[in-house]
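Data block below; observations after.
Residue numbers (this note's numbering), protein chains in the order written: chain A, 1381 to 1740; chain B, 6 to 226.
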């Protein structure tokens, strides 16, 4: 070892000389001292509360006829790909909100709808906005537009087995899709949202199932929806925005940009979107944003994948997953089913977490 | 022996120092001094802090996502993104250097270029409408849905538009329409640009040029 030292010394000395020359030549340089600007991507990459990362990629098929379970959307299912063009009603233009007391309430409703965290945060228990599932501020056909929903209530709902008025219907959104606490009847948040929906429906016929209402009902897929195929669809078409872990992304100013699709900050096990057929219809008609190009089969598969991830507990939880599944979950729900060795719903984060007030 | 030992130690230290200096400073050196004959200093057009040059239409690079910036350099090099100035520069950089430059600029703070509010105080209403609401009848989502409120940027793949030079933004929309720039992830921008009307382009570019890149305005619009 000692015999190698002189050689090393020569080499190192030469390197030192070179380094000094290099240093003299560049001594006015300044390494960038700016602190790294943290990007907005707040999606935790190491989240392991989802079932997806588990061992085997076992296909979980939906049994039975996938289209047999009727969603609440009545009447004929318009062809999804062209459905938006077929809408037979158009809501008033954005700038037509009247400049009076009523208009002020409509604006309030619109603001709640598009930035629910800021304007109705006390009732919200996740990182979603109304407008995440009702695109274009609740105006887009085949994205459950408000103008088509307004005049279809009061209506009997199988979900709670009684006739619901529109206010109760919105309360359901807060309880399930927003994983929060429903605003009490008469609360201004409800009044504002009702006003906004009512205004959007200006001139719409009452109790008519308008084209573009709800999400399109897809025909049963050729092959049973597949978790593993859906995983690939997700990676190819969804992860860019929603993150490879499905937890969404925030903008550089910290605001919510792309919503989380599962996990503790997403919709809960009682939300309509947790049903594979509902999600498939929404996805087919609307995703990816502005470039809805997935096939029916891809939409079914990716819906299967997304809705086979753990999410907040069903607020109607009886204390037993199997009992809750039996009582409230139909064939299109993955709740209580075993995916990759895990019973979905078993490790669900709590529902209705509005106590954690959202900090912006 | 002690002398040799000391010399050894010093040499090794200096050697390590020089290696680490070289490794760390390289992107900064290239940014400030260029590289050889082919690579002009980035800062001469994009500013000392990567803040861009609004008057001349050179885009801000500071704080944009590293994968995005790297993809642009690679596309300049291959010619997929057409740009006569950037092509020889990107070509003269190795793939590693392109990656290092992208990381370097992604880590600089976003600073508004000097003329950030001077250009168009009142962007046209049509630009704001398209930027904030899109035009869903034509399947055009709001720009801010992917680029964040006021275009502040989202994550690594949706670059900030706020405060970029209007001429630059306009040029990019036209490049996508003319096939002179790759459509980006999933071809999203090529598809959206194709759906725009010619009359949309200038107003929407002016809208984002007038926004503050450090806007802390939260929430939707």
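Virtual Cβ for every residue (Gly too), placed ideally from N, Cα, C.
Run down chain B in chain order and give the residues with a C-beta less than 8 Å from the C-beta of residue i.
i, result
"residue 1520(A)", "141"
"residue 1617(A)", "191"
"residue 1599(A)", "Neighbours of residue 1599(A) on chain B: none; closest Cβ ~23 Å, over 8 Å."
Could you work out which residues of chain B lie near residue i, taking near to mean beta carbons separated by less than 7 Å?
i, result
"residue 1629(A)", "159, 160"
"residue 1620(A)", "162, 190, 191"
"residue 1468(A)", "Per Cβ cutoff of 7 Å: no residues; residue 1468(A) is ~14 Å from chain B at best."
"residue 1479(A)", "Residues of chain B passing the Cβ test: none, with the nearest at roughly 17 Å."
"residue 1694(A)", "Chain B residues near residue 1694(A): none, gap ~28 Å exceeds 7 Å."
Please classify residue i: does DSSP put it in a helix, a strand, or coil?
i, result
"residue 43(B)", "coil"
"residue 1441(A)", "Here residue 1441(A) scores only 34 on pLDDT, less than 50, and its place in the model should not be relied on; the value that follows carries that caveat. Residue 1441(A) falls in the coil class under three-state DSSP."
"residue 1422(A)", "Because residue 1422(A) carries a pLDDT of 35, less than 50, the predicted location of this residue cannot be relied on, and no value is offered for it."
"residue 1464(A)", "Residue confidence for residue 1464(A) is low, a pLDDT of 46 falling below 50, so the modelled location carries little weight; the figure read from the coordinates is stated next. If DSSP states are grouped into helix, strand and coil, residue 1464(A) belongs with the helices."
"residue 1723(A)", "strand"
"residue 218(B)", "coil"
"residue 1556(A)", "helix"
"residue 1452(A)", "The pLDDT assigned to residue 1452(A) is 43, lower than 50, so where the model puts this residue is not dependable; a value taken from the coordinates is nonetheless given after this. Looking at residue 1452(A) - three-state DSSP - the assignment turns out to be coil, as it is neither helix nor strand."
"residue 1512(A)", "helix"
"residue 206(B)", "helix"
"residue 1704(A)", "helix"
"residue 1718(A)", "strand"
"residue 1503(A)", "helix"
"residue 213(B)", "helix"
"residue 1663(A)", "helix"
"residue 1477(A)", "coil"
"residue 1691(A)", "coil"
"residue 1518(A)", "helix"
"residue 86(B)", "coil"
"residue 31(B)", "helix"
"residue 1548(A)", "helix"
"residue 150(B)", "helix"
"residue 38(B)", "helix"
"residue 1497(A)", "helix"
"residue 1590(A)", "coil"
Between which two residues does the alpha helix (DSSP H) harbouring residue i extend?
i, result
"residue 1791(A)", "The structure shown does not extend to residue 1791(A), since chain A spans only 1381 to 1740, so no value can be given for it."
"residue 1617(A)", "1607-1617"
"residue 179(B)", "171-182"
"residue 1542(A)", "No alpha helix (DSSP H) contains residue 1542(A), which is instead part of the beta strand (DSSP E) from 1542-1544."
"residue 1578(A)", "1568-1580"
"residue 73(B)", "71-83"
"residue 1529(A)", "1526-1530"
"residue 196(B)", "193-200"
"residue 1680(A)", "1676-1686"
"residue 92(B)", "91-97"
"residue 48(B)", "48-51"
Whose CA, out of the options, lies closest to the CA of residue i?
i, options, result
"residue 1661(A)", "1646(A), 1649(A), 1674(A), 1650(A)", "1674(A)"
"residue 1589(A)", "1542(A), 1493(A), 1533(A), 1633(A)", "1533(A)"
"residue 193(B)", "147(B), 87(B), 102(B)", "147(B)"
"residue 1540(A)", "1497(A), 1551(A), 1607(A)", "1551(A)"
"residue 1507(A)", "1644(A), 1694(A), 1553(A)", "1644(A)"
"residue 1548(A)", "1687(A), 1574(A), 1528(A)", "1574(A)"
"residue 1569(A)", "1716(A), 1721(A), 1697(A), 1496(A)", "1496(A)"
"residue 1599(A)", "1676(A), 1529(A), 1565(A), 1622(A)", "1676(A)"
"residue 232(B)", "178(B), 185(B), 190(B)", "Residue 232(B) cannot be examined here, being either before or after the span of chain B that is shown, 6 to 226."
"residue 185(B)", "170(B), 47(B), 88(B), 218(B)", "88(B)"
"residue 1708(A)", "1491(A), 1609(A), 1472(A), 1652(A)", "1652(A)"
Let's see if you can read the secondary structure: which residues bound the beta strand (DSSP E) around residue i?
i, result
"residue 1697(A)", "That residue, residue 1697(A), is in no beta strand (DSSP E); it is neither H nor E in DSSP."
"residue 109(B)", "First-last for residue 109(B): 100-112, but that is the alpha helix (DSSP H), not the beta strand (DSSP E)."
"residue 1638(A)", "1636-1638"
"residue 1535(A)", "1535-1537"
Taking Cβ-Cβ distances shorter than 9 Å, what residues in chain A pair up with residue i?
i, result
"residue 195(B)", "In chain order: nothing, as chain A lies at least about 10 Å away."
Return the bridge partner residues of residue i from the DSSP annotation.
i, result
"residue 1713(A)", "1655(A)"
"residue 145(B)", "140(B)"
"residue 58(B)", "63(B)"
"residue 159(B)", "1631(A), 163(B)"
Name the chain B residues whose beta carbon is nearer than 9 Å to that of residue i?
i, result
"residue 1474(A)", "134, 138"
"residue 1625(A)", "Within 9 Å Cβ-Cβ: nothing; residue 1625(A) doesn't reach chain B, min ~13 Å."
Which bits of chain A does residue i rub up against, with CB to CB less than 7 Å?
i, result
"residue 146(B)", "1669, 1670"
"residue 150(B)", "1669"
Name, please, each residue of chain A whose Cβ falls closer than 8 Å to the Cβ of residue i.
i, result
"residue 165(B)", "1632"
"residue 153(B)", "1420, 1631, 1632, 1633, 1635, 1637"
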